[in-house]
Amino acid sequence: MEERKQENRRDSEIFFSKAIRAGKRIYYLDVKQGMNDDLYLAITESKRRQVGELPDGRPAYEIEKHKIFLYKEDFQSFRDALAEVIKYVEDHLDAPIEPRPAYVPQHNAEEPSAEQEVKAQDAEA
15 MEERKQENRR DSEIFFSKAI RAGKRIYYLD VKQGMNDDLY LAITESKRRQ VGELPDGRPA
75 YEIEKHKIFL YKEDFQSFRD ALAEVIKYVE DHLDAPIEPR PAYVPQHNAE EPSAEQEVKA
135 QDAEA
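Reading the sequence shown from the start, the letters are residues 15 to 139 in this note's numbering.
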C-alpha cells in the first residue's frame, strides 16, 4: 500500500509547467511522469465559479477543472490537428484575431485572487 502511495505522489510531480491566463480561465500545461516513467502532458482548464454564499454573506467559490492527458505517442498527431484547426479558423474569419487583453479582476476582499487560485490548484494536485 505504501509503495502505491509513493507512485501516486510521483505521478503528480510536475517537471515543467506553463500557465496561460485567458480571461476568467487559466490553462495549465504540465509535464508529469507516469508510473512507467514516461513523461506526458496534462492540460488543465481551471475556472472559478460562484456557487452561493458563505454564512457571513460573502460569495462562495469553487474551482471547476477539466483535464486532458496527452501521451508522447500522440504528440505529433495532436500538434498537426491543432495547427490544422487553428489555420481553418484563421482562414475563415472576417477579421484578424486580436490578442486577448490582460484580464484585470475586479477584486474585493471576498474574492480569491488569481494567485490564490493557482495555490489552490497546486494544493489539489
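Note that the Cβ used here is the ideal one computed from N, Cα and C, for glycine as well. Everything numeric in this text was worked out from a predicted model, so none of it was measured.
- DSSP places Ile-111 in no beta strand (DSSP E); its state is neither H nor E.
- Burial of Ile-40 is indicated by the presence of at least 16 other C-beta atoms within 10 angstroms of its C-beta.
- Taking Leu-55 as reference, the option from Asp-44, Val-65, Gly-48, Arg-63 with the minimal CA-CA separation is Asp-44.
- Shown here, Lys-38 sits in coil according to DSSP, grouped into three states, outside any helix or strand.
- In the DSSP annotation of this structure, the continuous segment of the beta strand (DSSP E) that includes Glu-76 starts and ends at 73-85.
- Taking the Cα of Tyr-85 as reference, the smallest distance to any Cα among Pro-69, Lys-32, Ile-57, Val-65 is reached at Ile-57.
- Assignment of Glu-98 by DSSP, reduced to helix, strand and coil, places it in the helix class.
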